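Take any residue in the sequence shown, note its place counting from 1, add 13, and you have its number in the working numbering.
For every residue, glycine included, the Cβ atom is placed at its ideal position computed from N, Cα and C.
Bear in mind the structure is a predicted one, so any value in this text is a computation, not a measurement.
What follows is a single structure, written as C-alpha coordinates, with notes after it.
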Amino acid sequence: MKNESERKIFYIGNSRIEIVPPQITEEERQARLKEIQYVCWYLWMKCMNETK
(Lines of atoms letter the chains of each structure in order from A and count residues from 1; the text may use other names and numbers.)
(Lines give C-alpha, C1' and ligand atoms only; values in the text may rest on other atoms or scores of the structure.)
Protein backbone atom coordinates (compact mmCIF):
# COMPACT_ATOMS: atom_id res chain seq x y z
CA MET A 1 0.00 0.00 0.00
CA LYS A 2 2.68 2.50 -1.04
CA ASN A 3 0.12 4.86 -2.60
CA GLU A 4 -1.75 5.16 0.69
CA SER A 5 1.20 6.93 2.35
CA GLU A 6 1.59 9.33 -0.60
CA ARG A 7 -2.06 10.36 -0.43
CA LYS A 8 -2.62 13.91 0.78
CA ILE A 9 -5.88 15.33 2.05
CA PHE A 10 -6.56 19.04 2.36
CA TYR A 11 -9.56 20.77 3.85
CA ILE A 12 -10.51 24.12 2.37
CA GLY A 13 -13.63 25.49 4.02
CA ASN A 14 -16.07 22.59 3.93
CA SER A 15 -14.44 20.99 0.91
CA ARG A 16 -12.32 17.88 1.21
CA ILE A 17 -9.63 17.72 -1.44
CA GLU A 18 -7.83 14.43 -1.81
CA ILE A 19 -4.62 14.37 -3.77
CA VAL A 20 -3.56 10.94 -4.93
CA PRO A 21 -0.38 10.67 -6.97
CA PRO A 22 -1.67 10.22 -10.52
CA GLN A 23 -0.42 7.37 -12.66
CA ILE A 24 0.10 9.40 -15.83
CA THR A 25 2.79 9.71 -18.46
CA GLU A 26 5.19 12.64 -18.58
CA GLU A 27 3.45 13.86 -21.75
CA GLU A 28 0.05 13.97 -19.99
CA ARG A 29 1.64 15.71 -17.02
CA GLN A 30 3.11 18.43 -19.25
CA ALA A 31 -0.26 18.93 -20.97
CA ARG A 32 -2.05 19.32 -17.62
CA LEU A 33 0.64 21.72 -16.42
CA LYS A 34 0.08 23.89 -19.50
CA GLU A 35 -3.69 23.89 -18.87
CA ILE A 36 -3.19 24.92 -15.24
CA GLN A 37 -0.73 27.66 -16.24
CA TYR A 38 -3.22 29.00 -18.78
CA VAL A 39 -6.07 29.04 -16.26
CA CYS A 40 -3.86 30.85 -13.71
CA TRP A 41 -2.76 33.38 -16.33
CA TYR A 42 -6.36 33.94 -17.45
CA LEU A 43 -7.61 34.49 -13.90
CA TRP A 44 -4.68 36.83 -13.15
CA MET A 45 -5.40 38.92 -16.26
CA LYS A 46 -9.10 39.03 -15.33
CA CYS A 47 -8.23 40.26 -11.82
CA MET A 48 -5.83 42.90 -13.16
CA ASN A 49 -8.51 44.26 -15.50
CA GLU A 50 -11.05 44.51 -12.67
CA THR A 51 -8.72 46.43 -10.35
CA LYS A 52 -8.09 49.27 -12.84
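DSSP bridge partner residues for residue i (one or two, in chain order)
i	result
GLU31	ILE22
Cβ distance (whole Å) where residue i is taken to contact residue j below 8 Å
i	j	result
ARG20	VAL33	5 Å
Whether residue i touches residue j by CB criterion (8 Å)
i	j	result
ILE22	ARG29	yes
Coarse secondary structure for residue i, derived from DSSP in three states
i	result
GLN50	helix
GLN36	coil
GLN43	helix
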